[in-house]
Amino acid sequence: MEEKRKEAPPEAELPECGSEQGDSGQCGPEQKNGSCKETAHADFSDPVYKEISLANGTINRMNREELRAKCAELKLDTRGVKDVLKKRLKNYYKKQKLKQSATVGSEGSYYDYICVVDFEATCEENNPRHFIHEIIEFPVVLIDTHTLEIVDSFQEYVKPQLNPQLSDFCVELTGITQKMVDEADPFPRVLRRVVAWLQEKELGTKYKYTLLTDGSWDMSKFLYTQCRLSRLRYPQFARNWINIRKSYGNYYKVARTQTRLNCMLENLGMQYEGRLHCGLDDSRNIARVAIRMLKDGCRLRVNERLHEGELQNVSSTAGLEGAPPPQYPKSRD
Numbered sequence: 001m002e003e004k005r006k007e008a009p010p011e012a013e014l015p016e017c018g019s020e021q022g023d024s025g026q027c028g029p030e031q032k033n034g035s036c037k038e039t040a041h042a043d044f045s046d047p048v049y050k051e052i053s054l055a056n057g058t059i060n061r062m063n064r065e066e067l068r069a070k071c072a073e074l075k076l077d078t079r080g081v082k083d084v085l086k087k088r089l090k091n092y093y094k095k096q097k098l099k100q101s102a103t104v105g106s107e108g109s110y111y112d113y114i115c116v117v118d119f120e121a122t123c124e125e126n127n128p129r130h131f132i133h134e135i136i137e138f139p140v141v142l143i144d145t146h147t148l149e150i151v152d153s154f155q156e157y158v159k160p161q162l163n164p165q166l167s168d169f170c171v172e173l174t175g176i177t178q179k180m181v182d183e184a185d186p187f188p189r190v191l192r193r194v195v196a197w198l199q200e201k202e203l204g205t206k207y208k209y210t211l212l213t214d215g216s217w218d219m220s221k222f223l224y225t226q227c228r229l230s231r232l233r234y235p236q237f238a239r240n241w242i243n244i245r246k247s248y249g250n251y252y253k254v255a256r257t258q259t260r261l262n263c264m265l266e267n268l269g270m271q272y273e274g275r276l277h278c279g280l281d282d283s284r285n286i287a288r289v290a291i292r293m294l295k296d297g298c299r300l301r302v303n304e305r306l307h308e309g310e311l312q313n314v315s316s317t318a319g320l321e322g323a324p325p326p327q328y329p330k331s332r333d
């Protein structure tokens with residue numbers, strides 16, 4: 001949908017929490033609310049951090065083949081570019097050292113579930129300046145952060161109202177045919193079923209959850225515009241989300257140009273599965289990236305939000321909260 005790199009202190013290679021580039025990307029010992037449980041309980045004068053620093057220095061001097069060999073020896077995934085392998089090894093040794101010293105708190109993600117969303121919308125080959133995109137596919141892929149698996153998915157096509165005739169370019173790009181959208185329900189009805197599906201999963205009530213997207217546009221542009229067209233208030237449960245591009249770039253310390261979906265997959269040693277620009281397939285592949293990041297030790301956290309119609313960054317120092325229980329939004333009328 002759309003397309004900063006901040007060096008973490010070399011000493012303990014503290015976990016980054018998906019902040020924007022302007023933030024430090026690390027979680028200091030003063031942070032609370034579970035935003036970085038590891039550092040919330042740690043005393044950084046503990047000798048264990050000197051050991052972690054020494055291990056990091058050794059890893060930094062290894063070439064890619066040495067990194068792959070060490071990963072294989074430790075029975076870790078050997079796929080990925082050099083920076084990914086370095087991060088994987090550092091996370092492994094950090095966990096081992098902290099576990100041995102009993103300095104670390106509980107591991108794992110703050111959220112029980114992450115909902116990956118990647119809309120497809122109407123488009124032209126050369127969109128006019130004021131072209132209004134309407135959502136034509138609403139997919140959701142559900143990640144269980146405890147089992148690190150995709151456990152369910154939702155998908156429905158949506159009938160556009162403003163420009164009901166899809167362009168040839170849109171059909172070719174997305175694989176969504178005119179017949180598919182003609183037979184689909186308009187957005188309000190589809191959204192109602194999305195909310196019901198999320199409620200059935202007991203998200204926001206029994207389980208903590210949040211949304212995750214590939215870039216900022218899905219929520220701040222497509223969903224926001226679609227809700228205005230459908231005369232609906234923007235749903236509260238979608239006001240905060242994880243932009244995985246920012247999380248990926250900050251965690252693996254790569255340039256912004258390396259955070260497109262295919263680049264992320266390639267750098268992690270994976271290939272795209274399915275059809276590009278199929279919303280459900282895109283969502284599943286984004287979920288695969290998120291799962292690999294969680295396995296590599298990244299604590300994915302909300303880093304963007306929509307406030308009064310404006311896209312804003314969420315600082316890494318902000319307290320962690322799950323999305324509220326999903327509710328169908330009220331009418332704007």
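Residues in the sequence shown are numbered consecutively from 1, following UniProt numbering. Every residue gets a Cβ at the ideal spot worked out from N, C-alpha and C, and that includes glycine. Keep in mind that this is a model prediction, so the values were computed, not measured.
Check	Outcome
Taking 7 Å as the limit between beta carbons, can you name the residues of its chain near Ala287, skipping five residues before and five after?	Val116, Val141, Ile143, Ile150
To the nearest angstrom, report how far apart Asp182 and Val190 are at their CA atoms.	14 Å
Which same chain residues end up closer than 8 Å to Lys86 when comparing Cβ atoms and leaving out the 5 residues on each side of it in sequence?	Ile59, Asn60, Met62, Leu67
Per DSSP, which one or two residues make a beta bridge with Leu89?	Beta-bridge pairing links Leu89 to no other residue.
Take Ile114 as the anchor and find which of Cys123, Tyr49, Gly204 has the nearest alpha-carbon.	Gly204
Gln226: buried (16+ other C-beta within 10 angstroms of its C-beta) or exposed?	buried
Can you tell me the Cα-Cα spacing of Tyr328 and Asp118, whole angstroms?	19 Å
With a threshold of 8 Å on Cβ separation, who are the neighbours of Ile291 within its own chain once the five nearest residues in sequence on each side are excluded?	Ile143, Leu148, Glu149, Ile150
Mark Arg129 as exposed unless 16 or more other C-beta atoms lie within 10 angstroms of its C-beta, in which case mark it buried.	exposed
Leu89 and Lys70 - do their beta-carbons sit closer together than 9 Å?	yes
Beta-carbon within less than 6 Å of Gly22's beta-carbon, same chain only, minus the 5 sequence neighbours each way: which residues are those?	With a pLDDT of only 34 at Gly22, under 50, the local geometry of the prediction cannot be trusted, and the value read off the model is given with reservation. Contacts found: none.
Under the three-state reduction of DSSP, which class applies to Val254: helix, strand or coil?	coil
Are the CB atoms of Lys246 and Asp83 nearer to each other than 9 Å?	no
Please specify which runs of the beta strand (DSSP E), each continuous and at least 3 residues long, are wholly inside the stretch 102-173, giving them in chain order.	113-117, 135-144, 149-157
Does Asp185 come out as helix, strand or coil in the three-state DSSP assignment?	strand
Mind checking whether Gly274 and Asn91 have CB atoms under 9 Å apart?	no
Apply the 10 Å Cβ neighbour rule to Glu137 and answer buried if 16 or more other Cβ atoms are within range, or exposed otherwise.	buried
If we ignore side chains and look at the alpha-carbon of each, how far apart do Tyr93 and Thr78 end up?	16 Å
For the stretch 237-244 and the stretch 303-320, state whether three or more C-beta atom pairs, one from each stretch, are separated by less than 8 Å.	yes
With DSSP as the reference, identify every bridge partner of Trp241, one or two as the case may be.	Leu211, Glu304
Does the Cβ-Cβ distance between Gln271 and Leu265 come in under 9 Å?	yes
Under a Cβ-count criterion, where at least 16 other Cβ atoms within 10 Å of its own Cβ denotes burial, should Ala42 be classed as buried or exposed?	Confidence is the limiting factor: at Ala42 the pLDDT is only 42, short of 50, which leaves the residue's position unreliable, though a coordinate-based value still follows. Buried is the call here.
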